[in-house]
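Inspection log for the structure reproduced underneath, given as structure tokens.
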Amino acid sequence: MGKNTPGRVALMSIRPEFANAILAGEKIVEFRKRPVADDVSHVLIYATMPVGLLLGWFAVRGQKTMSPKRLWSTFRAVGGISKSRFFDYYDQREHGTGILVETAADSLNRSPCLNWARPFVPRRASSI
Numbered sequence: 433m434g435k436n437t438p439g440r441v442a443l444m445s446i447r448p449e450f451a452n453a454i455l456a457g458e459k460i461v462e463f464r465k466r467p468v469a470d471d472v473s474h475v476l477i478y479a480t481m482p483v484g485l486l487l488g489w490f491a492v493r494g495q496k497t498m499s500p501k502r503l504w505s506t507f508r509a510v511g512g513i514s515k516s517r518f519f520d521y522y523d524q525r526e527h528g529t530g531i532l533v534e535t536a537a538d539s540l541n542r543s544p545c546l547n548w549a550r551p552f553v554p555r556r557a558s559s560i
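Going by our numbering, the residue at position 121 of the sequence shown is 553; the numbering climbs one at a time, nothing skipped.
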């Protein structure tokens with residue numbers, strides 16, 4: 433899906449170093465063991481612990497599912513991951529998916545449709 437085609441939004445848990453690399457434009461492929469649904473046009477980026485926050489989002493340009501060997505040879509220069517870590521991730525897998533990043537933003541406020549995701553502090557039940 434391209435940026436001009438609205439679709440569903442997926443939430444992905446991504447390790448902080450990879451989340452930051454996507455938002456900095458250094459990593460333009462997110463590797464996954466399974467593809468996302470074809471109608472997903474945007475991904476909310478949740479950085480796993482110790483960060484534990486929604487950091488931003490990216491628009492999905494497309495995705496490619498193929499053998500890990502082909503994924504690596506196709507996307508190693510833009511995948512933001514070492515060869516050993518990549519192949520450890522895909523150990524014993526016949527296929528993997530590269531989700532292509534079209535654009536990314538590190539502030540949820542840059543996209544009006546994502547303003548609901550701003551951080552909030554819940555009130556204690558006793559103060560309600």
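Even glycine gets a Cβ: it sits at the ideal position worked out from N, Cα and C.
Where does residue i sit, in a helix, a strand or coil, going by DSSP?
i: Y521; result: helix
i: A453; result: helix
Over the uninterrupted alpha helix (DSSP H) stretch that includes residue i, give me the two end residues.
i: K501; result: 500-507
According to DSSP, which residues form a beta bridge with residue i?
i: A442; result: V475
i: T497; result: T529
i: L485; result: A479
i: V510; result: Answer is none; V510 lacks a bridge partner.
Looking at the secondary structure, which residues open and close the beta strand (DSSP E) in which residue i lies?
i: V468; result: First-last for V468: undefined, no H or E at that position.
Under 9 Å between the Cβ atoms of residue i and residue j?
i: E534; j: V483; result: no
Does the region 517-534 come within contact of the region 456-468, defined as at least 3 CB pairs closer than 8 Å?
-> yes
Is it true that the region 497-505 meets the region 470-480, where meeting means three or more beta-carbon pairs spaced less than 8 Å apart?
-> no
At least 3 beta-carbon pairs within less than 8 Å: the region 448-456 vs the region 475-487 | yes
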